[in-house]
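Visitor:
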Amino acid sequence: ETGVTQTPRHLVMGMTNKKSLKCEQHLGHNAMYWYKQSAKKPLELMFVYNFKEQTENNSVPSRFSPECPNSSHLFLHLHTLQPEDSALYLCASSQLGGGATTEAFFGQGTRLTVV
Amino acid sequence: AQKITQTQPGMFVQEKEAVTLDCTYDTSDQSYGLFWYKQPSSGEMIFLIYQGSYDEQNATEGRYSLNFQKARKSANLVISASQLGDSAMYFCAMREGRNTGNQFYFGTGTSLTVIP
């Protein structure tokens, strides 16, 4: 098993659809993140979960709804998206308690296209 | 102010040559970590190297080294003996010791192309 696994790898959805992105980490970490990466833009932090509690929501529209049922799994529920939401969605995990010393491990991303 | 600044949108390097990718950072914390990631066209972000603010020696990992100049707040990545497989986007990132929000701050990235 790789450290952080994201499914699906590719997703095409219509604006009226509802879909979910899944992220699973096998590293024993206690923090998980969702990032959005649009073409020619820097990574945008969307959500942070520490010990399953959401600690950061960077003004993300409500059509994106995160869920963290346990420290190993993170979901991003999508509904009524817009074409500008097409992007690469990256999940990451890290370990709290190490201060600034611990790196984030990323999944391979879900490439989302909204039509 | 930007936490991480990468001023080189694109860089070219001849195969087997060394290349330096620039990164400057902004923080008032005494304790922080600096990271470099590689992102090939497949999309995955691959961790390359880490430098702690209290580390006196520059970090090295194989062909990667980090030129850490604390007073100048710079953390440049040096790739020696470039290979064709090094062609990718490279991101500099920082995590602050206070872990406010526990987030990582990323730069805008540098696209590196290795020329055969």
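Those protein sequence lines, which keep their order, are chains A and B.
Here the working numbering is used: the first sequence runs in plain steps of one and ends on residue 115.
Here the working numbering is used: the second sequence runs in plain steps of one and ends on residue 1116.
Ideal placement from N, C-alpha and C gives every residue a C-beta, glycine not left out.
Below 8 Å between beta carbons: does that hold for Glu67 of chain A and Phe75 of chain A?
Guide: yes
Visitor: Helix, strand or coil: how does DSSP classify Pro83 of chain A here?
Guide: helix
Visitor: Taking all protein chains shown into account, decide if Asn1076 of chain B is buried (16 or more other Cβ within 10 angstroms of its Cβ) or exposed.
Guide: buried
Visitor: Leaving out five residues before and five after Gln95 of chain A in sequence, what residues of the same chain have Cβ atoms less than 6 Å from its Cβ?
Guide: His29, Thr102
Visitor: Tell me which residues share the same chain as Asn58 of chain A and place their Cβ nearer than 8 Å to its Cβ, disregarding the 5 neighbours each side in the sequence.
Guide: Here the set comprises Glu44, Leu45, Met46, Phe47.
Visitor: Taking the alpha carbon of Glu1044 of chain B as the point to measure from, which residue in A:Pro69, A:Lys41, A:Glu56, A:Tyr89 has its own alpha carbon closest?
Guide: A:Tyr89
Visitor: Is there at least one Cβ from chain B nearer than 8 Å to Gln54 of chain A's Cβ?
Guide: Using a Cβ-Cβ cut-off of 8 Å, Gln54 of chain A does not count as an interface residue toward chain B, since no Cβ of chain B sits closer than that to its own.
Visitor: Short of 9 Å Cβ to Cβ, which residues in the region 1094-1113 of chain B face chain A?
Guide: Met1094, Arg1095, Glu1096, Gly1097, Arg1098, Asn1099, Gly1101, Asn1102, Gln1103, Phe1104, Tyr1105, Phe1106, Gly1107, Thr1108, Gly1109
Visitor: Does Arg1095 of chain B pass the burial test, meaning 16 or more other C-beta atoms within 10 Å, or should it be called exposed?
Guide: With 16 or more other Cβ atoms inside 10 Å of its own Cβ, Arg1095 of chain B counts as buried.
Visitor: Could you tell me the alpha carbon to alpha carbon distance between Ala31 of chain A and Ser1065 of chain B, rounded to whole angstroms?
Guide: Distance between the alpha carbons of Ala31 of chain A and Ser1065 of chain B is about 28 Å.
Visitor: Check whether the Cβ atoms of Gln25 of chain A and Ser1042 of chain B lie closer than 8 Å to each other.
Guide: no
Visitor: Quick check on Leu11 of chain A - is its C-beta less than 8 Å from some C-beta in chain B?
Guide: For Leu11 of chain A, the answer is no, since every Cβ of chain B falls outside 8 Å of its Cβ.
Visitor: Measure the CB-CB distance between Phe1047 of chain B and Tyr1032 of chain B and report whether it falls below 8 Å.
Guide: Contact: no.
Visitor: When Cβ atoms are compared, which residues of the region 79-106 of chain A fall closer than 7 Å to chain C?
Guide: Annotation note: the requested chain C is absent from the structure, which comprises protein chains A and B.
Visitor: For Leu27 of chain A, name the three-state secondary structure that DSSP assigns.
Guide: coil
Visitor: Just how far apart, CA to CA, sit His77 of chain A and Gly1107 of chain B?
Guide: 27 Å
Visitor: Give me whichever residues DSSP pairs with Ser1111 of chain B in a beta bridge.
Guide: In the DSSP assignment, Ser1111 of chain B is bridged to B:Gly1010, B:Met1089.
Visitor: For Phe93 of chain A and Leu11 of chain A, I'd like the C-alpha separation in whole angstroms.
Guide: Reading off the sequence shown, one finds Ser at residue 93 of chain A, where the question assumed Phe. Taking the straight line joining both Cα atoms gives about 22 Å.
Visitor: Could you check what DSSP says for Leu1034 of chain B in three-state terms: helix, strand or coil?
Guide: strand
Visitor: Do you know offhand how far Pro1116 of chain B's Cα is from Gln1014 of chain B's?
Guide: 6 Å
Visitor: Is it the case that the Cβ atoms of Ser1087 of chain B and Thr1113 of chain B are separated by a distance below 8 Å?
Guide: Yes, Cβ-Cβ distance for Ser1087 of chain B and Thr1113 of chain B is below 8 Å.
Visitor: Suppose the cutoff is 7 Å on Cβ atoms and the five residues either side in sequence are ignored; what does the same chain contact list for Met15 of chain A look like?
Guide: Thr80, Leu81, Gln82, Val114
Visitor: Between the alpha carbons of Glu1017 of chain B and Gly1085 of chain B, how many angstroms are there, rounded?
Guide: 13 Å
Visitor: Counting only Cβ pairs nearer than 8 Å, list the residues of chain B close to Asn50 of chain A.
Guide: Asn1102
Visitor: Nearest-angstrom Cα distance between Met13 of chain A and Ala1059 of chain B?
Guide: If you take the alpha carbons of Met13 of chain A and Ala1059 of chain B, they lie about 44 Å apart.
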